[in-house]
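Student: Per the UniProt record's numbering, the very first residue in the sequence shown carries number 1; after that it's consecutive.
Handing you this structure, nothing more for now.
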Amino acid sequence: MKYNLQALRAYAAVSVVMHHILFSVQNYLAVGLIARDYMVGSTGVHVFFVISGYVITLTTRKMESISSFIHLRFSRVVPVYWLLTALTALMVLCGFKLFGLHDIKPSSIAASFFFLPDFVNGQLIKPILFVGWTLEYEIFFYFLFGLCMVFKRNLDALIVSSLILMLWISAHFIQNEYIDFYGDDLILCFVLGIAIFFAEKHVTLPATACYFGLCAGFVGLFTIDVDHLAFKNLIVVGASALLVFSALQLETNRKTVGRGFISRQGDASYSLYLIHPFVLQFIGKLSIVFGLNTTASGLLITAIAMLVFSIAVGYIFHRTIERRLIRAFRQRTPIALAENRG
1 MKYNLQALRA YAAVSVVMHH ILFSVQNYLA VGLIARDYMV GSTGVHVFFV
51 ISGYVITLTT RKMESISSFI HLRFSRVVPV YWLLTALTAL MVLCGFKLFG
101 LHDIKPSSIA ASFFFLPDFV NGQLIKPILF VGWTLEYEIF FYFLFGLCMV
151 FKRNLDALIV SSLILMLWIS AHFIQNEYID FYGDDLILCF VLGIAIFFAE
201 KHVTLPATAC YFGLCAGFVG LFTIDVDHLA FKNLIVVGAS ALLVFSALQL
251 ETNRKTVGRG FISRQGDASY SLYLIHPFVL QFIGKLSIVF GLNTTASGLL
301 ITAIAMLVFS IAVGYIFHRT IERRLIRAFR QRTPIALAEN RG
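Below you can see the structure in the form of structure tokens.
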């Protein structure tokens, strides 16, 4: 286990939660204490994608079949997301105003369950469970990697990287909503994650350089909130990669920070990412009921409660539901049954 990656997973999930907390308190509270929309928390998604590029490359070096890859990755991502997406759809159809949804079109339900971007009159519509937009990139990345596994080891990673780079370049010259979506700067994080896997075999940094890299990486993430800064999205992509690479290199120096509690939070990061919107909305409405939405102290109490309960509920959900769903999916799918017979 890469303990420092676990720490980064935990950080990335919590940073996204804090990003959404800022938006939530602005929506629910009657006091305008936040002068602008700070986006730095959203960079947790960039870190997730770099880690994904690295981990997928690492794990596929040990796999013999495409079916095994698809089975393992989809069992990790799909069951929990489908469960919470179905829950969201059911609640909205029953009349609950969840995540600003008032009604749901069948096309939106289908797009959400199949991890596809949904466009209406050229405008991108987020999935029913809005945080699922990142999974549309993840599943696309898995799809590309799965297809390219027919090639020799290491050649598959090179081809995947080349295809992503071509798609990214195409988005700058071809006007198409799907190319624009999949060719977003974010997708470069996967390429850098792949590059980190191969660079790690040939580069060893001293601990001092690793600490410097971590500091520089975190500073780089904040450039997303610098107005009128050219190429700031690319800077954030690079900063995310620097964070991941420095954390991995630090572990080669026997310096780890992701053990114990932090490691468990890293394990629960996916559950935290998916479940926290429900927690934030529930606590936000409670803050109005108890009159916490009219004072600065009420804002602080609400924000802290949102963060603490999101982490707690995410961990409980991971331990009691996510792990069981993954286990059941891996044991009962046709691929798993065929492999067991073999």
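No residue lacks a Cβ here, since even glycine has one placed at the ideal position from N, Cα and C.
Assign residue 346 to one of two classes, buried (16 or more other C-beta atoms within 10 Å of its C-beta) or exposed (fewer than that).
Tutor: Residue 346 lies beyond the range of the chain shown here (1 to 342); nothing can be said about it.
Student: For F119, which beta-bridge partners are listed by DSSP?
Tutor: L124, per the DSSP bridge assignment.
Student: What is the rounded straight-line gap between the Cα of G193 and the Cα of F48?
Tutor: Roughly 10 Å separates the two Cα atoms.
Student: Mark P127 as exposed unless 16 or more other C-beta atoms lie within 10 angstroms of its C-beta, in which case mark it buried.
Tutor: Label assigned to P127: buried.
Student: Span of the alpha helix (DSSP H) holding M18?
Tutor: Unbroken alpha helix (DSSP H) run through M18: Y3 to Y28.
Student: Would you decide whether P277 is buried or exposed? Buried here means 16 or more other CB atoms lie within 10 Å of its CB.
Tutor: Per the 10 Å Cβ criterion, buried.
Student: Count the CB pairs spanning the stretch 128-142 and the stretch 182-190 that are closer than 8 Å, and state whether there are at least three.
Tutor: The answer is yes - the stretch 182-190 touches the stretch 128-142, with three or more Cβ pairs under 8 Å.
Student: Express the C-alpha separation of S24 and A305 in angstroms, rounding to a whole number.
Tutor: Whole-angstrom Cα-Cα distance: 12 Å.
Student: If distances are taken between C-alpha atoms only, which option among V308, V17 and C210 comes closest to Y270?
Tutor: If we check each option's Cα against that of Y270, V17 comes out closest.
Student: Just to confirm the assignment, what range does the alpha helix (DSSP H) spanning T59 have?
Tutor: T59 -> alpha helix (DSSP H) spans G44 to T60.
Student: Judging by CA-CA distance, which residue of M166, E177 and F198 is the nearest neighbour of I187?
Tutor: Nearest option by C-alpha distance: M166.
Student: So is Q6 in contact with chain C if we call contact Cβ pairs under 8 Å?
Tutor: Here chain C cannot be found, since the structure has a single protein chain.
Student: In the structure shown, what three-state DSSP assignment does L250 receive?
Tutor: Three-state result, L250: helix.
Student: With a threshold of 16 other CB atoms inside 10 Å of the CB of A10, please say whether the residue is buried or exposed.
Tutor: Buried, by the Cβ-count rule.
Student: Any contact between the stretch 49-63 and the stretch 232-250? By contact I mean 3 or more CB pairs, one from each, below 8 Å.
Tutor: These segments touch.
Student: Which runs of the alpha helix (DSSP H), 4 residues or longer, sit entirely within the stretch 253-336?
Tutor: Those alpha helix (DSSP H) runs which fall completely within the stretch 253-336 and span 4+ residues are 261-267, 269-289, 296-317 and 323-332.
Student: Looking at C-beta atoms only, is the number of pairs between the stretch 77-95 and the stretch 104-116 that lie closer than 8 Å three or more?
Tutor: Segments in contact, yes.
Student: Straight-line CA distance for Y211 to L250?
Tutor: Cα-Cα distance, rounded: 8 Å.
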